[in-house]
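Asks:
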Amino acid sequence: MSKIKSIAVMPNLTKKGAYETSVRAVKILSELDMQILMECSLSRLYTDENIIFFGSEYTMLKSCDMVLTIGGDGTIIHAARKSAPLDKPLLGINTGRLGFVAELEPNELDMLQRIAEGNYSVEKRMMLKVTCKNNEFYAMNDAVISRGSLSRLIDIDVSLAEDRGYICSYRADGLIVSTPTGSSAYSLAAGGPVVEPTMKCIVMTPVCSHSLFARPVVFSHKSQLAVSASCDDNTQVYLTLDGAKTLTIARSDMIYITSSKIETKLIKLKDKSFYKVLNDKFTEKGRQL
Numbered sequence: 236m237s238k239i240k241s242i243a244v245m246p247n248l249t250k251k252g253a254y255e256t257s258v259r260a261v262k263i264l265s266e267l268d269m270q271i272l273m274e275c276s277l278s279r280l281y282t283d284e285n286i287i288f289f290g291s292e293y294t295m296l297k298s299c300d301m302v303l304t305i306g307g308d309g310t311i312i313h314a315a316r317k318s319a320p321l322d323k324p325l326l327g328i329n330t331g332r333l334g335f336v337a338e339l340e341p342n343e344l345d346m347l348q349r350i351a352e353g354n355y356s357v358e359k360r361m362m363l364k365v366t367c368k369n370n371e372f373y374a375m376n377d378a379v380i381s382r383g384s385l386s387r388l389i390d391i392d393v394s395l396a397e398d399r400g401y402i403c404s405y406r407a408d409g410l411i412v413s414t415p416t417g418s419s420a421y422s423l424a425a426g427g428p429v430v431e432p433t434m435k436c437i438v439m440t441p442v443c444s445h446s447l448f449a450r451p452v453v454f455s456h457k458s459q460l461a462v463s464a465s466c467d468d469n470t471q472v473y474l475t476l477d478g479a480k481t482l483t484i485a486r487s488d489m490i491y492i493t494s495s496k497i498e499t500k501l502i503k504l505k506d507k508s509f510y511k512v513l514n515d516k517f518t519e520k521g522r523q524l
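Those letters in the sequence shown? Residues 236 to 524, by this note's numbering.
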């Protein structure tokens, strides 16, 4: 791979240990003669002479060769929604809990040298394009339709947008539509399948469906799902994207979900299979599933 010269560093300083880890990472990158880009709001905390501060996050991301995040999986996902449209690869250092998407742990910062050497690979991950209320949104993990705080089930209808072909209806707490990357997140907790993250498909998983036969469904990435949701009382229905962006959904709102032409590019420094990572992260001492 080509050598990377400039790196946009995006730390999530709300995470324990993120600041200390980011300072160490910046020092290593500086010693490797990397140009480091950061937002100007961080200028009081980071004083390395190789840092260039930007007033605009968009300009910073557009100017870099890659993005380095320090935080949890949410930090990576947040950065991906901004870096993917600019075709910038992403590397995560985990200072959160699970860190399933992150490539490095804080004790592995020496591996950053591989970036300077061009000794890395890039793994492409599918994203979702979600259209609702004439607005387009992108998600790396999932789009979730869910009820509000009242304990009421919501009615969810799903069809194929291409020909309006009916698929199914659920009376449930909610519905998760995820990417293969997101299949190991909320979808997995709700009983969905684990999907190898470089695949291209759409996983639909109902949440606590009031049915004996409700099962997750896997669709082709070329499918476009049309989803509507409502409730008989005053319970509100929400659409949440990657656990961050939330919209209130009315009975008349149609949600269209398909794969996006925009992909997240993750930098890989380790020769470690997805299944090895799965075992290490989700099972005690990496024992087999």
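The beta carbon of each residue, even a glycine, is placed where N, CA and C say it ideally should be.
Unbroken beta strand (DSSP E) runs of length 3 or more, entirely within the stretch 302 to 326: which are they?
Replies: Runs of the beta strand (DSSP E) inside the stretch 302 to 326: none found.
Asks: Would you mind stating whether Val336 and Ser318 have Cβ atoms separated by less than 8 Å?
Replies: Position 101 of the sequence shown holds residue 336. Position 83 of the sequence shown holds residue 318. No, these two residues do not count as a Cβ contact at 8 Å.
Asks: Just how far apart, CA to CA, sit Thr475 and Asn376?
Replies: As a position in the sequence shown, residue 475 is number 240, starting the count at 1. As a position in the sequence shown, residue 376 is number 141, starting the count at 1. About 11 Å.
Asks: Which residues share a DSSP beta bridge with Val294?
Replies: Here residue 294 is taken as the residue at index 59 of the sequence shown, counted from 1. The displayed chain sequence assigns Thr, not Val, to residue 294. Answer by DSSP bridge pairing: none, since Thr294 is not bridged.
Asks: Ignore the nearest five residues each way along the sequence and tell me which others in Thr304's own chain have a CB closer than 6 Å to its CB.
Replies: The residue you call residue 304 lines up with position 69 of the sequence shown. Counting only Cβ-Cβ distances below 6 Å, and skipping sequence neighbours, we find Met245, Thr310, Ile311, Ala314, Gly327.
Asks: Relative to the C-alpha of Lys251, which candidate in Asp268, Gly306, Asp283, Asp300 has its C-alpha closest?
Replies: Position 16 of the sequence shown, counted from the start, is the residue given in the question as residue 251. For Lys251, the nearest C-alpha among the options comes from Gly306.
Asks: If you check the beta carbons only, do Lys507 and Thr433 fall under 8 Å apart?
Replies: Position 272 of the sequence shown, counting from 1, holds the residue named residue 507. Position 198 of the sequence shown, counting from 1, holds the residue named residue 433. Their beta carbons are not under 8 Å apart, which means Lys507 does not touch Thr433 by this criterion.
Asks: Shortest alpha-carbon distance to Lys503 belongs to which of Pro341, Ser356, Asp300?
Replies: For the purposes of this step, residue 503 is identified with residue 268 of the sequence shown, where counting begins at 1. Taking only the C-alpha atoms, the option nearest Lys503 is Ser356.
Asks: Cβ-heavy atom distance between Cys275 and the ligand SAH below 7 Å?
Replies: As presented, the structure is devoid of all ligands, the ligand SAH included, so that no description of it is given.
Asks: Is the separation between the beta-carbon of Pro415 and that of Cys436 shorter than 8 Å?
Replies: Mapped onto the sequence shown, residue 415 falls at position 180. Mapped onto the sequence shown, residue 436 falls at position 201. It is a contact, given that the beta carbons lie within the stated cut-off.
Asks: What residues match up with Asn329 in a beta bridge as DSSP calls it?
Replies: Along the sequence shown, read from residue 1 onward, the residue named residue 329 stands at position 94. DSSP output for Asn329 lists Gly306 as bridge partner(s).
Asks: With DSSP as the reference, identify every bridge partner of Leu460, one or two as the case may be.
Replies: The residue labelled residue 460 in the question sits at position 225 within the sequence shown. Answer is Leu395, Ile492.
Asks: Among all the DSSP beta bridges, which residues are the ones paired with Ala243?
Replies: If you number the sequence shown from 1, residue 243 lands on position 8. DSSP lists Leu272, Val302 as partners of Ala243.
Asks: To test your reading of the DSSP string, which unbroken beta strand (DSSP E) runs of 3 or more residues are found completely within the stretch 329 to 413?
Replies: Here the runs fully enclosed are 356 to 367, 370 to 374, 377 to 382, 389 to 395, 400 to 407, 409 to 413.
Asks: Given a cut-off of 8 Å on the beta-carbon distance, is the pair Ala378 and Ile389 in contact?
Replies: Residue mapping note: residue 378 aligns to position 143 of the sequence shown, counting from 1. Residue mapping note: residue 389 aligns to position 154 of the sequence shown, counting from 1. No, Cβ-Cβ distance for Ala378 and Ile389 is not below 8 Å.
Asks: Is the stretch 451 to 469 touching the stretch 337 to 357 in the sense that three or more CB pairs, one from each, lie closer than 8 Å?
Replies: Because the criterion of three Cβ pairs below 8 Å is not met, the stretch 337 to 357 and the stretch 451 to 469 do not touch.
Asks: Can you name the start and end residues of the alpha helix (DSSP H) that Ser257 belongs to?
Replies: Within the sequence shown, residue 257 is the residue found at index 22, counting from 1. Here the alpha helix (DSSP H) through Ser257 covers 253 to 266.
Asks: Exposed or buried, Arg382, counting other C-beta atoms within 10 Å across all chains shown (16 or more means buried)?
Replies: One-based indexing of the sequence shown puts residue 382 at position 147. Flag for Arg382 reads buried.
Asks: To the nearest angstrom, report how far apart Ala461 and Leu321 are at their CA atoms.
Replies: Counting from 1 along the sequence shown, the entry for residue 461 is found at position 226. Counting from 1 along the sequence shown, the entry for residue 321 is found at position 86. Using only the alpha carbons, I get a separation of about 28 Å.
Asks: Which one or two residues does DSSP pair with Ser455 in a beta bridge?
Replies: Taking the sequence shown and counting its residues from 1, the one referred to as residue 455 is at position 220. DSSP, once it has assigned bridges, lists Cys436 as partnering Ser455.
Asks: So, helix, strand or coil for Lys507, using DSSP?
Replies: Numbered from its first residue, the sequence shown carries residue 507 at position 272. Lys507 falls in the coil class under three-state DSSP.
Asks: Would a check of beta-carbon distances place Leu325 closer than 8 Å to chain B?
Replies: Given the protein chain composition of this structure (a single chain), no chain B is represented.
Asks: Within a Cβ cutoff of 7 Å, which residues of the same chain sit near Cys299, ignoring the five residues on either side of it in sequence?
Replies: In the sequence shown, the residue the question calls residue 299 occupies position 64. Closer than 7 Å at Cβ, skipping near neighbours: Ser241, Ile242, Ala243, Leu272, Lys323.
Asks: Could you compute how far the alpha carbon of Pro341 sits from the alpha carbon of Thr256?
Replies: If you number the sequence shown from 1, residue 341 lands on position 106. If you number the sequence shown from 1, residue 256 lands on position 21. About 6 Å.
Asks: May I ask you to list the residues that DSSP assigns as paired with Pro441?
Replies: In the sequence shown, residue 441 corresponds to position 206, counting from 1. Partner(s): Leu410.
Asks: State the Cα-Cα distance for the pair Gly426 and Arg332, rounded to the nearest angstrom.
Replies: Looking up residue 426 in the sequence shown gives position 191. Looking up residue 332 in the sequence shown gives position 97. Spanning the two alpha carbons is a distance of roughly 21 Å.
Asks: Starting from the C-beta of Asn329, find all residues in its chain whose C-beta is less than 6 Å away, skip the five residues before and the five after it, and write them out in chain order.
Replies: Along the sequence shown, read from residue 1 onward, the residue named residue 329 stands at position 94. Result list for Asn329: Ala337, Glu340, in chain order.
Asks: Looking at the unbroken alpha helix (DSSP H) that takes in Tyr421, where does it start and where does it end?
Replies: Position 186 of the sequence shown, counted from the start, is the residue given in the question as residue 421. Per DSSP, Tyr421 belongs to the alpha helix (DSSP H) from 421 to 424.
Asks: Tell me whether Thr416 sits in a helix, a strand or coil according to DSSP, three-state version.
Replies: Locating residue 416 in the sequence shown gives position 181, counting from the first residue. DSSP places Thr416 in helix when its eight states are reduced to three.
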